[in-house]
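Engineer: Residue numbers (the working numbering): 89 to 451.
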Amino acid sequence: MAVSPLALVHEGGTTRIWLGATALTDAASEVALWLAGRRVFVISSAAVRELHREALEGLMGTAAEVVELNVADGENAKTMSTVERLAREMVVAGGKRDSRVITLGGGTVSDVGGFAAGCFLRGIEYGQVPTTLLAQVDASIGGKTGVNLPEAKNSVGLFHQPRWVVSDARFLSTLPARELRQAMFEVVKVGILADPVLFELVESSLADLLTAAPETLARAVERAVSVKVAMVAADEREGDRRRLLNLGHTLGHALETVVGHGRLRHGDAVGHGMLFATTLAEARGLASEDADRIRALLGRLGMAQLPSLKMAPILEAIRRDKKARESGLAWVLPLAIGRAEIADISELTVEKHLASFLKDCLE
Ligand SMILES: NC(=O)c1ccc[n+]([C@@H]2O[C@H](COP(=O)([O-])OP(=O)(O)OC[C@H]3O[C@@H](n4cnc5c(N)ncnc54)[C@H](O)[C@@H]3O)[C@@H](O)[C@H]2O)c1
Ligand SMILES: [Zn+2]
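1. In terms of residues, what are the limits of the alpha helix (DSSP H) holding residue 441?
2. Give every residue of the same chain whose Cβ lies closer than 7 angstroms to the Cβ of residue 368, excluding the five residues on either side of it in the sequence, and list them in chain order.
3. Could you pull out every residue in the same chain whose Cβ sits closer than 7 angstroms to the Cβ of residue 307, ignoring the five residues on either side in sequence?
4. On the DSSP letters alone, give me the boundaries of the beta strand (DSSP E) that residue 341 sits inside.
5. Starting from residue 277, trace the alpha helix (DSSP H) in both directions and tell me its first and last residue.
6. Over the uninterrupted alpha helix (DSSP H) stretch that includes residue 199, give me the two end residues.
7. Going by CA-CA distance only, name the one from 97, 111 and 449 that's closest to residue 310.
8. Would you check whether ligand 2 has a heavy atom nearer than 8 angstroms to the C-beta of residue 309?
9. Give every residue of the same chain whose Cβ lies closer than 7 angstroms to the Cβ of residue 227, excluding the five residues on either side of it in the sequence, and list them in chain order.
10. If you measure between the beta carbons of residue 403 and residue 439, is that distance less than 9 angstroms?
11. Return yes when the C-beta of residue 161 is under 8 angstroms from any heavy atom of ligand 1, and no when it is not.
12. Mind listing, in chain order, the continuous alpha helix (DSSP H) runs of no fewer than 4 residues lying wholly within the stretch 139-199?
13. In the DSSP assignment, find the unbroken beta strand (DSSP E) run with residue 299 in it and report its ends.
14. Going along the chain, which residues of its own chain have a beta-carbon closer than 6 angstroms to the beta-carbon of residue 364, five neighbours each way excluded?
15. Since I believe residue 265 is in contact with residue 298 (beta carbons under 8 angstroms), could you give me their beta-carbon distance rounded to a whole number of angstroms?
16. Tell me where the beta strand (DSSP E) around residue 408 begins and ends.
17. For the alpha helix (DSSP H) containing residue 387, list its first residue and its last residue.
18. Rounded to whole angstroms, how far is the Cβ of residue 247 from the Cβ of residue 232, which I believe are closer than 8 angstroms?
19. Can you tell me where the alpha helix (DSSP H) with residue 119 in it begins and where it stops?
20. Which residue marks the beginning of the alpha helix (DSSP H) containing residue 359, and which one marks its end?
21. For residue 357, I'd like the list of residues in its chain whose CB is within less than 6 angstroms of its CB, leaving aside the five on either flank, ordered along the chain.
22. Around the Cβ of residue 272, are there at least 16 other Cβ atoms within 10 angstroms (buried) or fewer (exposed)?
23. Classify residue 232 as helix, strand or coil using the three-state DSSP reduction.
24. Under the rule that 16 or more other beta-carbon atoms within 10 Å means buried, what is residue 238, buried or exposed?
25. Have a look at 253, 380 and 225 and flag the residue whose alpha-carbon is nearest the alpha-carbon of residue 115.
26. For residue 98, write down the residues that DSSP places opposite it in a beta bridge.
27. Between which two residues does the beta strand (DSSP E) harbouring residue 247 extend?
28. With DSSP run on the structure shown, which of helix, strand or coil describes residue 91?
29. Alpha carbon to alpha carbon, how far is residue 281 from residue 425? Give it in angstroms, no decimals.
30. Would you identify the three-state DSSP class for residue 293, choosing helix, strand or coil?
31. In whole angstroms, give me the CA-to-CA distance for residue 181 and residue 236.
Here is the structure:
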């Protein structure tokens, strides 16, 4: 029996999201209709195609023509020049307004491929097949697409919602353990800010999750995706509620900028950021039992150690955060496990807490 997908209703229509161990099969008939008689551009990297090309074949039968477009592996792919090259290849291969794009890969492939689909001929429809845990729980949901500039990450992009997302659990079985661990910080984040059951699941089954035990991982993905879907549906353009998803990211982004993206990974940086948010929250009344549980779980997940740092560049990076408004910076803080708020905190208070939070690594 076909499993019905999650639906994310947004300004431009509905995104259908299939999850779990049979997602590819469950989605096949609808994707077949969407592709029927069209040219489809499948954007992926050589590494992912090698592992998972066959998994897609069952989806493609009705397409008039399948054109494979490659991007480099990892963050290197997310540039304006990749987008230009993809668009030119699409023109040469006969791309039209009603051609289709499918992205197959992690968050880098879906960000750059979604952006290319969003600007080609002012926007053509696309579907996403996320193959990393991070892409399944985060990057594939919400319609944000974009690329990096040498000066700043994710600084050029647009909202372009996919028509559908197929997050099949089988892709995660080939994912390196380090990628699972990095993405698990985002899963814990969702637990802290909105879903106590998800938080408990990670608490009780961390070892299984980090070894990609299929059923447990599928449950965690489903819960994390459901939260993000609800938040995006309530607030597509990141006015208010969606901002809660930035828990841990204010300090996290600043640390990534100051330490260097190559030296500190995003998950680790967000882990440190969530630890700091917990400290700020405790000073405002978060119960110490909850704060201790958050610290214990992050401790078990284990963040990479920070190198020695100076305070001034961190504060400067926090001030320049992309999420900052003219009116200042709002911090996302846990109120309890499963609930969070957005709080204005003075720079002086932040600096005071940060000095003690970072005391072991400040120069
Ligand atoms: N658009 C959004 O809302 C959003 C949200 C969060 C993150 N992102 C973006 O996502 C990107 C990070 O995504 P990521 O963590 O998926 O990294 P990634 O796309 O770079 O993939 C990580 C590595 O995993 C490999 N890989 C992918 N699938 C695999 C599989 N099934 N088996 C084995 N290896 C596999 C890739 O080849 C790559 O080397 C960042 O650029 C970030 O900015 C976007
Ligand atoms: Zn993140």
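Beta carbons: idealized from backbone N, C-alpha and C, even for Gly.
Structural biologist: Quick answer:
1. That run of the alpha helix (DSSP H) goes 435-445.
2. 419, 421, 433 and 441
3. 289
4. Not the beta strand (DSSP E): residue 341 falls in the alpha helix (DSSP H), residues 337-347.
5. Secondary structure note for residue 277: its alpha helix (DSSP H) is the uninterrupted segment 265-282.
6. 195-207 is the extent of the alpha helix (DSSP H) around residue 199.
7. Restricting attention to 97, 111 and 449, the CA atom closest to the CA of residue 310 is found in 111.
8. no
9. The residues are 195, 198, 199 and 218.
10. yes
11. Result yes, Cβ under 8 angstroms from ligand 1.
12. 168-180
13. It is not in any beta strand (DSSP E) - residue 299 carries neither H nor E in the DSSP assignment.
14. 339 and 445
15. 6 angstroms
16. Annotation: residue 408 is outside any beta strand (DSSP E) and is labelled neither H nor E by DSSP.
17. It spans 376-389 - the alpha helix (DSSP H) in which residue 387 sits, taken as one unbroken run.
18. 6 angstroms
19. 111-123
20. If you look at residue 359, you'll find it in the alpha helix (DSSP H) that goes 354-371.
21. 340, 343 and 344
22. Buried.
23. strand
24. exposed
25. 253
26. 101
27. 244-247
28. coil
29. Taking the straight line from one Cα to the other gives about 7 angstroms.
30. helix
31. Their backbone Cα atoms lie some 26 angstroms apart in a straight line.
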